[in-house]
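Which chain is which? The protein sequence lines are A and B, in order.
Counted from 1, the first sequence has number 1253 at position 86 by this note's numbering; the numbering is strictly sequential.
Counted from 1, the second sequence has number 1179 at position 12 by this note's numbering; the numbering is strictly sequential.
In this text, a Cβ means the ideal position worked out from N, Cα and C, and glycines have one as well.
Keep in mind it's a predicted model, so treat the numbers as computed, not measured.
First comes the structure, then the notes that go with it.
Protein chains: 2
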Amino acid sequence: MKIDPNSNADLSAQIAKSIRDAIISGDLIVDQRLPSEAELSDQFDVSRPTVREALKRLAAQSLIRTQRGATGGAFVNKLSFEEAYPQQITTSTLLLSMNAISFETACEARYTLERSCAPLSALRRTADHLATMRAEIHRQSQPGLTDEAFCASDVAFHRALVDGAGNPVLSYQLAGAVEAMQPLMNMITFSALDRAKIIELHNALADALEANNAIGVDTALAGLESYTTNLAKSVMEKRKNKA
Amino acid sequence: MKIDPNSNADLSAQIAKSIRDAIISGDLIVDQRLPSEAELSDQFDVSRPTVREALKRLAAQSLIRTQRGATGGAFVNKLSFEEAYPQQITTSTLLLSMNAISFETACEARYTLERSCAPLSALRRTADHLATMRAEIHRQSQPGLTDEAFCASDVAFHRALVDGAGNPVLSYQLAGAVEAMQPLMNMITFSALDRAKIIELHNALADALEANNAIGVDTALAGLESYTTNLAKSVMEKRKNKA
DNA sequence: TGCCATTTAAATGCCAGACAATTAAATAAC
DNA sequence: GTTATTTAATTGTCTGGCATTTAAATGGCA
């Protein structure tokens, strides 16, 4: 393997890229053991710390895992949806907060994507998904619930809806859009009236899903989107007037 | 800052998590300079290489950038959509290839998400988006185009459609779903007849978009999905019979 | 005073060598 | 044959150092 020591990029970045490309291209397959750090430093003609920095970069992306001990080493990691979720959510959250994305834009994206799952979920949702949604609705109706807990339950409710589509790829892509909204949602104070309205729409949604009524689900989601957007708008207005 | 040296996790992983949490929570804001590596090793009571490994983990996620020189150091990076795209695509691609996701499942997710953008794109697409799509259609009709180039053009075409929705969050989420399909698509050989049919549907799609006809766009996308799925199915069949 | 060249200091990038901790396999003891 | 011990391989971490880069401080000169 050849690394250009005169490149602008760090050696560790170049080495990481080299190994990453090998994984993506299939030259390194899942569970395959990489050469030991000592061997890698020989191959790339760099020191061990530099190799280690490269490996940490890959570990940060869950592309490899390491094991200590005699038969240890770095292994190509089978990237699972479970591992990818949190990274996807972190990235999405930071993208929203660092790029001045308006609540409206984020909300539009979220509900647009979510509504696309509605027909599939109406078709395929299991009793489990329905039960989860009903349970979350119940939680949402409990008095004394903090706004944060209310939002968290809302997210769980909507994830069950998305998971109902029975397509892991959809669930993964949606996770970012739905969960990344939470910090934005947490800026809103939900009055008892607001909650009642949202719960009403959640009930309508669950009912439609139970009846395999795709159009009903879509209608409820459209209602939620407009209600949420308006709620956020009025909160922003109030905050502006105060200032 | 406190780090538990008896934890199961690596020190560098703990330090990375600590800094990452500070960024997510807003304790560290964009463009803020982190303490120097020497200061961090003092604060966390670890050696400099360990701190460096932690910083490389964060750099791999584009959460920080580093600068050499007198006023250099590590700075909280403003995560841009441009930076996040490749990571999103890499992760999505690996998820598909490592988790035995069927072509059908991936295709369903892709077109489900894409169809959700159709109404917005029909409403908001600019002349630029249309021009890009027409140009890609033209490229696709050129004889002698390799299958890979055909697929790449297909991706560019569909990205223009998605971008037409004018929602950067949607564009970001869709990028993973659309681009990650490319390796799967590249396994298919497109006959001249197949290409003609696809180009026909692309034309219908562009026409509908030009006429701000959301239903027409959706119909064309549905046609593309079923055609692509059937094409893949027949390819798999042939391959099975050979073996 | 004002401008340019030089020096200096601070920071990251990289390296060599060592020791600690962990783990599985080989070996020895019973 | 089973258990305890040793050994070897590997990652995790530390110390100390040098190279490189960069901006700011310094000094020389007109």
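Just to make sure I have the definition right: I need the residues of chain B whose C-beta is within less than 8 Å of the C-beta of residue i. Which are they?
i: A:Met1354; result: Going along chain B, no residue has its Cβ under 8 Å from A:Met1354, so there is no contact; the nearest lies around 12 Å.
i: A:Asn1266; result: Lys1245, Leu1246, Ser1247, Phe1248, Pro1335
i: A:Leu1261; result: Ile1190, Ile1191, Leu1230, Leu1246
i: A:Val1197; result: Met1265
i: A:Thr1416; result: Past the boundaries of the shown model lies residue 1416 of chain A; chain A is included only from 1168 to 1410, so the question cannot be answered.
i: A:Ala1272; result: Rather than Ala, the amino acid found at residue 1272 of chain A in this sequence is Thr. Neighbours of A:Thr1272 on chain B, chain order: Asn1334, Pro1335, Val1336.
i: A:Pro1216; result: Pro1216, Arg1219
Residue i and residue j: beta carbons closer than 8 Å?
i: B:Ala1381; j: B:Leu1368; result: no
i: B:Cys1318; j: B:Gln1340; result: no
i: A:Ala1323; j: A:Arg1291; result: no
i: B:Ser1229; j: B:Glu1204; result: no
i: A:Leu1178; j: A:Thr1233; result: no
i: B:Glu1303; j: B:Ser1288; result: no
i: A:Lys1223; j: B:Glu1220; result: yes
i: A:Ala1276; j: B:Leu1337; result: yes
i: B:Cys1274; j: A:Thr1279; result: no
i: A:Ala1373; j: A:Leu1297; result: yes
i: B:Phe1270; j: B:Leu1351; result: yes
Taking Cβ-Cβ distances shorter than 8 Å, what residues in chain A pair up with residue i?
i: B:Glu1220; result: Arg1219, Glu1220, Lys1223
i: B:Arg1282; result: Ser1283
i: B:Gln1254; result: Gln1228, Thr1258
Got a sec, what are the start and stop residues for the beta strand (DSSP E) residue i sits in?
i: B:Gly1240; result: 1240 to 1243
i: A:Ile1231; result: 1231 to 1234
Answer with buried or exposed for residue i, where buried requires no fewer than 16 other C-beta atoms within 10 angstroms of its C-beta.
i: A:Thr1238; result: exposed
i: A:Gln1309; result: exposed
i: A:Ile1196; result: exposed
i: B:Ala1294; result: exposed
i: A:Ser1214; result: exposed
i: B:Ser1259; result: buried
i: A:Leu1201; result: buried
i: B:Glu1346; result: buried
i: B:Lys1281; result: Here residue 1281 of chain B is Glu; the residue named in the question, Lys, does not match the sequence. Under this definition B:Glu1281 is a buried residue.
i: A:His1343; result: The residue asked about is misnamed: residue 1343 of chain A is Gly in this sequence, not His. Its Cβ being crowded by 16 or more others within 10 Å, A:Gly1343 is buried.
i: A:Met1354; result: exposed
Quick one: list the residues of chain B neighbouring residue i, beta-carbon separation under 7 Å, in chain order.
i: A:Glu1275; result: Asn1334
i: A:Ala1251; result: Thr1258, Leu1262
Going by DSSP, what residue range makes up the alpha helix (DSSP H) through residue i?
i: A:Leu1290; result: 1270 to 1291
i: B:Ile1256; result: 1248 to 1265
i: A:Gln1199; result: Note, A:Gln1199: premise wrong, no alpha helix (DSSP H); not H, not E.
i: A:Thr1217; result: 1215 to 1227
i: B:Leu1328; result: 1314 to 1330
i: A:Ser1338; result: 1335 to 1346
i: A:Ala1302; result: 1294 to 1308
i: B:Asp1188; result: 1178 to 1192
List the residues of chain A that residue i touches, going by C-beta distances under 7 Å, in chain order.
i: B:Leu1287; result: Thr1279
Residue i versus chain B: which residues are under 9 Å apart at the beta carbon?
i: A:Gln1465; result: As shown, chain A starts at 1168 and ends at 1410. That puts residue 1465 of chain A outside it, with no answer to give.
List the residues of chain A that residue i touches, going by C-beta distances under 9 Å, in chain order.
i: B:Gln1340; result: Ser1259, Ala1276, Leu1280, Gln1340, Leu1341, Gly1343, Ala1344
For a minimum of 4 consecutive residues, which ranges assigned as the alpha helix (DSSP H) are wholly contained in the segment 1348 to 1409 of chain B?
1349 to 1352, 1359 to 1377, 1381 to 1409, all fully within the segment 1348 to 1409 of chain B.
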